[in-house]
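First up is the structure itself, then whatever we jot down about it.
Protein chains: 2
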Amino acid sequence: MNKKDFKNKVYSELSKITKALSNPHRLEIIELLAQGDYSVEQIALQTSLSVANTSQHLQVLKNAQLVDVTRIGNFMHYRLPHTNVFKAWKSIRELGIERIAAIDKLVNDFRQPKYKIESVSIDEFRRRIASGRVTILDVRPETEFNAGHIPNSISIPFDQLQDRLRELPKRNEIIAYCRGPFCVFADEAVAMLIQAGYKAIRLQEGFPDWAVVGLPVKVNHKNNYGRN
Amino acid sequence: MNKKDFKNKVYSELSKITKALSNPHRLEIIELLAQGDYSVEQIALQTSLSVANTSQHLQVLKNAQLVDVTRIGNFMHYRLPHTNVFKAWKSIRELGIERIAAIDKLVNDFRQPKYKIESVSIDEFRRRIASGRVTILDVRPETEFNAGHIPNSISIPFDQLQDRLRELPKRNEIIAYCRGPFCVFADEAVAMLIQAGYKAIRLQEGFPDWAVVGLPVKVNHKNNYGRN
DNA sequence: CGTGTATTCAATAAAACTATTGAATAGTTG
DNA sequence: CAACTATTCAATAGTTTTATTGAATACACG
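What follows is the structure, encoded as structure tokens:
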């Protein structure tokens with residue numbers, strides 16, 4: 478094998494990864510799987526794809542070694558294999574946020590326009606936690622909270638928040654987080670809290686970004702085999 | 478705009494980046510541009526593509542905001558805009574090296590089989606530099622060396638190495654580096670040096686990996702407008 | 001052991017991507 | 001300003017990707 482063939486083969490192998498990442502639905506699936514493991518049907522539900530189409534996208538990701546799969550009961554559970562897959566996705570996401578003006582515009586336009594939603598970085602977030610006087614609010618679905626969450630956070634899924642506002646202390650600043658920077662639950666939660674007279678702000682990124690830098694994670698063990 | 482449209486649009490924008498990365502030639506171009514700026518013709522030469530085809534690939538990268546371009550004389554010079562583009566490429570590259578067995582196999586099979594080429598990480602490399610007694614050898618083309626190199630390294634492009642072996646001290650350990658982990662110049666240089674009785678080893682990664690983590694970089698200012 | 005169910009497969013048509021070819025363009029240089 | 005030249009554009013044919021549909025499969029569970 479000569480040098481040119483070698484290079485071509487190496488880049489061709491690497492492009493299998495980028496080809497697998499080159500579809501918007503598959504990116505969304507990866508961001509979803511960063512929260513934990515999901516069955517095909519659940520992924521289809523979350524991404525508004527047909528089950529057959531979801532399955533095909535998952536095959537593409539599996540062939541590129543970007544997801545692992547195990548059977549649990551009747552369900553195939555897909556998950557991200559390493560932190561490295563999330564790290565690659567994160568670096569692409571950050572590149573997009575920094576570089577593509579359209580993304581910034583989309584996010585800003587879509588965020589609750591009435592309330593200026595403020596956000597903090599993970600570093601600033603940690604400083605505020607250390608200083609006390611903050612309540613950490615996880616607004617993701619309960620199963621995702623159970624699969625892993627920031628220690629001492631309170632789980633109130635967004636669709637229950639309106640009814641459970643009293644559980645939150647009014648004196649503290651409330652910092653809400655969800656799946657990632659494009660997850661709008663946190664924005665909506667902050668808007669709702671501000672309207673109800675709370676002091677609230679969102680974490681810019683999401684739970685996986687917290688976990689990937691090695692910060693502590695709390696897991697609730699629940700046997701949810703076959704359901705999640 | 479509802480939540481679903483928002484998500485679709487965000488992931489669709491992000492997939493413009495991954496689509497632009499989803500071609501082996503474009504990955505090779507990015508790795509090349511990490512060394513400095515190049516004209517279209519030079520990129521075509523390095524990648525063994527036709528000029529027209531190279532230009533089209535560059536348009537794709539430009540539309541995805543992954544490269545910047547300026548005219549210098551008759552030549553269009555392409556370059557990577559930020560460290561972020563290289564960082565994203567690096568994380569994909571590392572994901573591939575870790576995850577795709579075929580890549581590891583390709584690299585191992587292609588490396589000079591007669592001599593076991595050993596490599597050091599950047600951290601270990603720095604420790605050895607600090608301890609003295611090492612000679613740092615840059616085997617890339619001279620223009621790339623001039624565009625940026627590791628301080629105190631000696632530039633001997635690989636194709637001149639055989640004739641210039643005497644310039645290297647035999648007492649020191651020689652650590653060779655080139656463009657990146659898939660650049661075989663460093664391997665060949667190490668093999669040549671070992672055969673000539675030197676103690677030699679390669680840096681696992683390349684110059685851009687050194688630069689991207691903020692380590693010092695030396696630049697030789699040379700007016701090579703129109704030539705590089 | 002057969003039934004039920006989640007998932008995958010296969011076929012297909014539409015859309016997107018790719019390399020090639022040759023012409024067009026834009027900007028420099030004399 | 002005219003000639004030159006590096007680059008880009010346009011057209012095209014071949015290939016790959018994608019979503020849809022409906023059937024097949026594989027496995028668990030009664």
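Heads up: the protein sequence lines correspond to chains R and S, in order.
The opening residue of the first sequence carries number 478 in my numbering; numbering runs sequentially from there.
The opening residue of the second sequence carries number 478 in my numbering; numbering runs sequentially from there.
The beta carbon of each residue, even a glycine, is placed where N, CA and C say it ideally should be.
Shown here, residue 545(S) sits in a strand according to DSSP, grouped into three states. Across the structure, residue 670(R) and residue 638(R) are spaced so that their CA atoms are roughly 9 Å apart. Put simply, the stretch 590-599 of chain S does not touch the stretch 627-647 of chain S. Fewer than three CB pairs are less than 8 Å apart. In the DSSP annotation of this structure, residue 635(R) is not part of any beta strand (DSSP E); the continuous alpha helix (DSSP H) holding it starts and ends at 635-638. For residue 494(S) against residue 569(R), the beta-carbon gap comes to about 6 Å, under 8 Å, which counts as contact.
Following the DSSP letters along the chain, one finds residue 676(R) inside the beta strand (DSSP E) bounded by residues 676-683. Only residues of its own chain outside the window of five on either side were considered, and among them 649 have a CB closer than 6 Å to the CB of residue 610(R), listed in chain order. Three or more pairs of CB atoms, one per stretch, sit closer than 8 Å, so the stretch 682-702 of chain S contacts the stretch 612-625 of chain S. For the pair residue 612(S) and residue 518(R), the Cα-to-Cα distance works out to about 58 Å. For residue 586(S), the closest of 666(R), 491(R), 693(R), 487(R) by C-alpha to C-alpha distance is 487(R). Residue 510(S) is a Cβ neighbour of residue 520(S), given a cutoff of 9 Å. Close CB contacts of residue 697(R) within its chain, under the 6 Å cut and outside five residues either way in sequence, are with 623 (chain order).
Of all residues in the stretch 603-615 of chain R, none is placed with a Cβ closer than 7 Å to any Cβ belonging to chain S.
Nearest Cα to residue 526(R) within the set 501(R), 573(R), 539(R), 491(R): 501(R). At least one CB of chain S lies nearer than 9 Å to the CB of residue 570(R). Annotation: residue 606(R) to residue 480(R) spans about 54 Å, alpha carbon to alpha carbon. Burial state of residue 550(S) is exposed, judged by a 10 Å Cβ sphere holding fewer than 16 other Cβ atoms. Each of 571(R), 513(R), 566(R) was checked against the Cα of residue 545(R), and the nearest Cα belongs to 513(R). Beta-carbon to beta-carbon, residue 653(S) and residue 617(S) are separated by about 10 Å, too far to satisfy the 8 Å threshold. 498, 499, 500, 501, 502, 503, 504, 505, 508, 524, 525: these are the residues of the stretch 498-527 of chain S whose beta carbon lies less than 9 Å from some beta carbon of chain R, given in chain order. The beta carbon of residue 566(R) sits closer than 8 Å to those of 498, 504, 507, 508, 511, all from its chain and outside the five residues before and after it, given in chain order. Between residue 667(R) and residue 594(R), the C-beta spacing is below 9 Å.
Where residue 611(S) is concerned, the enclosing beta strand (DSSP E) starts and stops at 611-615. In this structure, the beta-carbon distance from residue 659(R) to residue 483(S) falls below 9 Å.
Close CB contacts of residue 677(R) within its chain, under the 6 Å cut and outside five residues either way in sequence, are with 651, 667, 670, 671 (chain order). With respect to the 9 Å criterion, residue 561(R) and residue 682(S) are not classified as neighbours on the basis of their beta carbons.
By the rule that beta-carbons nearer than 9 Å mark a contact, residue 478(S) touches chain R. Rounded to the nearest whole angstrom, the CA to CA distance from residue 577(R) to residue 554(S) is 22 Å. Sorting 615(R), 534(R), 656(R), 532(R) by C-alpha distance to the C-alpha of residue 641(R) places 615(R) at the top. If you compare the alpha carbons of 523(S), 539(S), 581(S) with that of residue 490(R), the shortest gap goes to 581(S). Contacts between residue 576(R) and chain S, judged by CB atoms closer than 9 Å, involve 494, 541, 542, 543, 558, 559, 561, 562 in chain order. Excluding residues up to 5 positions away in sequence, 612 lie with their Cβ nearer than 8 Å to the Cβ of residue 646(S) in the same chain. If you draw a straight line from the Cα of residue 620(R) to the Cα of residue 655(R), it is about 13 Å long.
Nearest neighbour of residue 548(S) by Cα position, chosen from 539(S), 673(S), 529(S), 516(S), turns out to be 516(S).
In this structure, residue 496(R) places its C-beta atom within 9 Å of the C-beta atom of residue 541(R). The beta carbon of residue 592(S) sits no closer than 9 Å to any beta carbon of chain R.
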